[in-house]
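In what follows, a single structure is set out as structure tokens and then discussed.
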Amino acid sequence: MDSLNTRSLDDYRVNACDAIQFKLVRDKETVDSVDTFNPEFTHQIFGESEQIFGYRDLKVGIFYTADSLSTYIDISYTSKVDPQLSKGVMPDDIMHILSDVYPYNISKNLNDFLKNFDEKFTFTPYGVNRYSYQIMKDKCPKKFSVFFIEHGMPGFEKFLEYHKRMESFLLFFIDGASAISTEDIQWCYYVIYENIGQTDDGKIKYGFIGYMTVYKFYAYPKNLRPRVSQVLILPPFRNNGHATQLLQTFYRDFVPMSNVIDIAGEIIICIKKQHRN
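Letter by letter, the sequence shown follows residues 18 to 294 of my numbering.
If you want it as structure tokens, here you go:
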């Protein structure tokens, strides 16, 4: 009987990486048909086993608007485990577990989420456009832009809320990732977007691709050692050179600065240059 109960309980266990599916929604007409992608890591959220317990046929859909990253989490399943079968062990509270990953207001239901597309609001990236480029994809040119922002620039306080939304991807796609202290003024940010069309009034529509954070370490007496900290390109956009474009934009910004004595990062070899007085 115990082995039978164990097999029955296995029906209520699922690997979180399989159950969770992300959607980047560009318009409400494609909310059902847009391609999905799964997380690569969930152990920092659901524990080393990466298991979610208590639901049969569990699906956790995490929807983002492609531009502003407004978020909705849809949880569906065919049944919950009977506490008698699980000897009183209750199903995992998925929304509570995810609350630390999403410390911002998210839509309560799909209709509320879709209202983001009805608002007469055109998302504009924060900061300044440092570089634009294009790549050929399926014989069609696709345009991309890299934006830069740091403390003191116009719109930075609003960007901090946007940063929370970008950062929500980290634990799912960077092993051992951790949040940064955005109150530290030495952090700066590069964000990459795809130009995905135009609004009726001719403004560019942007779709989030990924981002990079850089910390400007102090070097005596009045110099800087900028260090690349985190680089994230979402899975649907990888293998297209976007991380390279982020890094090259960073180099173009910092290498010419006379007070930058070297550049370092965990993912790149330290690049030194002669300090110019």
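Idealized CB from N, CA, C, for every residue including glycine.
Mind checking whether residue i and residue j have CB atoms under 7 Å apart?
| i | j | result |
| --- | --- | --- |
| Pro108 | Gly71 | yes |
| Thr95 | Arg73 | yes |
| Leu86 | Phe225 | yes |
| Pro13 | Phe54 | Nothing in the structure corresponds to residue 13, since the chain is present only between 18 and 294. |
| Val163 | Tyr148 | yes |
| Val31 | Leu75 | yes |
| Phe161 | Glu211 | yes |
| Ala33 | Glu57 | no |
| Val98 | Tyr150 | no |
Residues bridged to residue i by DSSP?
| i | result |
| --- | --- |
| Ile209 | Val163 and Gly227 |
| Leu249 | Tyr228 |
| Ala236 | Asn240 |
| Pro158 | Met153 |
| Ala281 | Arg244 |
Taking the C-alpha atoms as reference points, what is the distance between residue i and residue j?
| i | j | result |
| --- | --- | --- |
| Leu263 | Cys205 | 13 Å |
| Ile166 | Tyr179 | 12 Å |
| Thr230 | Phe186 | 14 Å |
| Glu65 | Asn276 | 44 Å |
| Gln291 | Ile278 | Note that Gln291 scores a pLDDT of 38, beneath 50, so its modelled location is shaky and nothing firm can be said. |
| Ile202 | Gly227 | 21 Å |
| Asp35 | Phe63 | 13 Å |
| Phe349 | Gly214 | Lying before the first or after the last residue shown, residue 349 is absent from the chain, which here runs from 18 to 294. |
| Gly258 | Leu249 | 12 Å |
| Arg293 | Val272 | With a pLDDT of 35 at Arg293, under the threshold of 50, the predicted position of this residue should be treated as unreliable, and no value is reported. |
| Ile37 | Lys239 | 47 Å |
| Lys220 | Arg43 | 15 Å |
Pull up the CB-CB distance for residue i and residue j, whole angstroms please, since I reckon it's below 8 Å.
| i | j | result |
| --- | --- | --- |
| Ala83 | Leu26 | Contact flag wrong, Cβ pair sits at about 39 Å. |
| Gln5 | Ala281 | Here the chain comprises residues numbered 18 to 294, so residue 5 is not present and cannot be evaluated. |
| Lys45 | Phe134 | 4 Å |
| Ile111 | Ile92 | 6 Å |
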